[in-house]
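As structure tokens, the structure follows; a few thoughts come after it.
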Amino acid sequence: MLTKEQLNILSVFKKDVFTSLTFKQIKQQSRQKSNNIVQIALKEFQKQDIVKTKETGDVTAYSLNLNNNLTLSYLNLINESEIGKNKIPTNILDNIQNRIFKHTEFFILIVFGSYAKNEATKKSDLDIALIVESEQTKKEITPFLETIKRRDVIPIDYHIFTRIEFLEMLQADSENVGKQIFKSNVIYYGYIPYCNMINRTKNE
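In my numbering, the protein residues as written are -15 to 188.
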């Protein structure tokens, strides 16, 4: 099991799970002052097969091993800690989650925008995205999302995508809302399925 300090160091990879970072970049982004602590963490990551390494000259780059279930479990822990830290309105999201369960077993509920960045103010919208399996499910869940949007005190801006639609946006050349979600998000429900889904795009 990683320590809290090591999880904090590992969290630098969460923003872009496909990124490769050098020792210097990991140290800077984790705001860790001690070289030794970062070195020990990276050795532990390698021991547990959480990261892969690539040598280019004298420089070693580290990237996540997303094919290891342990990596996904640690990322899920980091994601859950962000839910608590970012003052996300969990009562609204729990309501949405519970109602979607009545229509489908597969879905991913994502918070992005200011709440994901921990920059929300009283005037901020709650930006959410839902990834579901089919167009039929999109049609079924839209009415109650509209009801929640009208009734809730916090303004809600929602997007619903099928899995195929979301992956197509990630693979598109132009900037789009899917790429914005990928760059800055907190997965409220379905983090490991989300990682497995986007990992397939990298392997295709």
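Every residue gets a Cβ at the ideal spot worked out from N, C-alpha and C, and that includes glycine.
Residue i - DSSP class collapsed to helix/strand/coil
i, result
"residue 1", "coil"
"residue 39", "strand"
"residue 47", "strand"
"residue 60", "helix"
"residue 161", "helix"
"residue 96", "strand"
"residue 105", "coil"
"residue 10", "helix"
"residue 53", "helix"
Distance between beta carbons of residue j and residue i, contact taken as under 8 Å
i, j, result
"residue 92", "residue 174", "4 Å"
Residue from the options with nearest C-alpha to residue i
i, options, result
"residue 168", "135, 102 and 115", "102"
"residue -10", "18, 1, 0 and -1", "18"
"residue 60", "165, -8, 136 and 115", "-8"
"residue 180", "55, 155, 84 and 162", "55"
"residue 33", "98, 42 and -14", "-14"
Boundaries of the alpha helix (DSSP H) in which residue i is found, first to last residue
i, result
"residue 78", "74 to 84"
"residue -8", "-12 to -6"
"residue 126", "119 to 135"
Element boundaries [beta strand (DSSP E), containing residue i]
i, result
"residue 19", "Where residue 19 is concerned, there is no enclosing beta strand (DSSP E), although the alpha helix (DSSP H) it sits in stretches over 19 to 31."
"residue 140", "140 to 146"
Given 8 Å as the limit, is there contact between the stretch -6 to 6 and the stretch 40 to 48, that is, 3 or more CB pairs closer than that?
yes
Check whether the stretch 115 to 132 touches the stretch 65 to 82, taking contact to mean three or more Cβ pairs, one atom from each stretch, closer than 8 Å.
yes
Across the stretch 62 to 71 and the stretch 24 to 44, are there enough close Cβ pairs to call them in contact, namely three or more that are closer than 8 Å?
no
Within the chosen definition, does the stretch 148 to 159 reach the stretch 29 to 40 through at least 3 CB pairs nearer than 8 Å?
no
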